[in-house]
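For the sequence shown, my numbering gives the first residue as 2, with consecutive numbering after it.
These notes concern the structure reproduced below.
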Amino acid sequence: MDTIHGKHTRTLDAAGFHALASRYDNVLLDLGAGDGRYTLHTARRRPDCLSIGLDACADGMRKTSRTAPPNALYIVANALVLPEELANTASHMTINFPWGSLLTALLGADPALAVGLRAVICQSATMEIRLNLGALAQIGCSPEAAPDLVRQALWNGGFSGLRTCGLSAAELRACPTTWAKRLAYGRDPRGLLLQARRAPEHPSTLRALGALPATSLSQQQTLYYSPEGSA
Ligand SMILES: C[S@@+](CC[C@H](N)C(=O)[O-])C[C@H]1O[C@@H](n2cnc3c(N)ncnc32)[C@H](O)[C@@H]1O
């Protein structure tokens with residue numbers, strides 16, 4: 002798979018990747034990483050983790066990757082065709098403020114996302130997704146409809162127990178991604194946080210799980226980062 006380090010592109014094979022990942026307790030995978038700021042932040046905060054940012058666009062990640070610590074890795078790939086080298090490695094995944102094909106796949110338009118997620122997650126995997134309500138509106142999806150659509154896509158990807166809550170402007174400001182800041186200081190500073198974890202079992206239908214709790218997650222939105230401004 003292709004990795005970015007500043008202006009250089011390097012190929013990392015499965016053996017090289019597994020040798021790198023084996024040095025860390027956890028592997029964090031951020032899909033649609035944009036400029037890679039979240040990956041950099043989690044790598045600095047969690048030296049025990051390998052923090053991976055993956056985006057289809059290499060250019061956005063060049064600057065951040067140049068000064069990133071050794072436990073940060075930037076991969077150029079389509080999130081709907083995840084590199085085979087990542088198989089069974091991701092212990093925590095994030096998708097922050099997706100747009101384009103990543104957003105529509107998350108809302109159920111492309112089953113390739115679920116196939117990839119199932120292939121890369123390990124036993125105890127957790128997932129956090131942050132959505133921009135404005136981006137949803139642009140593709141005609143209401144904030145009320147989005148959780149159910151994402152729930153189905155994640156279920157197909159091996160995750161269950163989806164919980165959701167709204168993100169306020171203050172919570173967006175504290176979130177260390179560039180699009181969280183843009184949203185926080187924009188005209189309509191509202192987001193949606195969704196969390197799920199790997200399904201313990203994976204029966205063939207979503208109905209088998211029964212009702213899912215709709216708990217407020219505002220105190221729990223920081224599995225792998227500290228809100229900016231905190232110690
Ligand atoms: C609005 S930006 C968010 C960037 C970053 N997560 C943040 O919060 O600042 C959405 C990103 O999703 C990426 N993206 C969209 N579809 C993708 C796909 N199929 N595979 C990989 N990245 C994708 C885009 O290249 C873009 O960088």
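Just so you know, even glycine gets a beta-carbon here, dropped at the ideal spot from N, CA and C.
Given the structure is predicted, the values throughout are model-derived calculations rather than measurements.
Measuring C-alpha to C-alpha distances from R131 to each of L168, R152 and L163 identifies L168 as the nearest. When the alpha-carbon of T95 is set against those of E85, I122, A200 and R63, the nearest one is in I122.
If you keep only unbroken beta strand (DSSP E) runs of at least 3 residues inside the stretch 16 to 41, you get 27 to 32.
Per DSSP, reduced to three states, the secondary structure at G187 is coil, with no helix or strand assignment. In the structure shown, T68 adopts coil according to DSSP, grouped into three states. Beta bridge pairing from DSSP links A197 with M128.
Taking 8 Å as the upper bound for CB-CB distance, A78 and A91 are not in contact here, some 13 Å apart. In terms of CA proximity to H93, R119 leads the group L137, L193 and R119. T4 sits in a strand when the DSSP states are folded into three classes. Around the beta-carbon of N89, fewer than 16 other beta-carbon atoms lie within 10 Å, marking it exposed.
A contact is defined here as three or more CB-CB pairs under 8 Å, and the stretch 170 to 184 meets this definition with respect to the stretch 31 to 40.
DSSP places A106 within a helical segment (H, G or I) once states are collapsed to three. Of the heavy atoms belonging to ligand 1, at least one sits nearer than 7 Å to the Cβ of W100. Listed as beta-bridge partners of D14 by DSSP are no residues whatsoever.
For T179, the secondary structure class from DSSP, reduced to helix, strand or coil, is helix. Under the three-state reduction of DSSP output, T43 falls in the helix class. Residue state for A73 is assigned as strand, using DSSP reduced to three classes. Shown here, N157 sits in a helix according to DSSP, grouped into three states. Look at A91 here: in three-state DSSP terms it is strand. Residue pairing by DSSP places L55 opposite L32 and I76 in a beta bridge.
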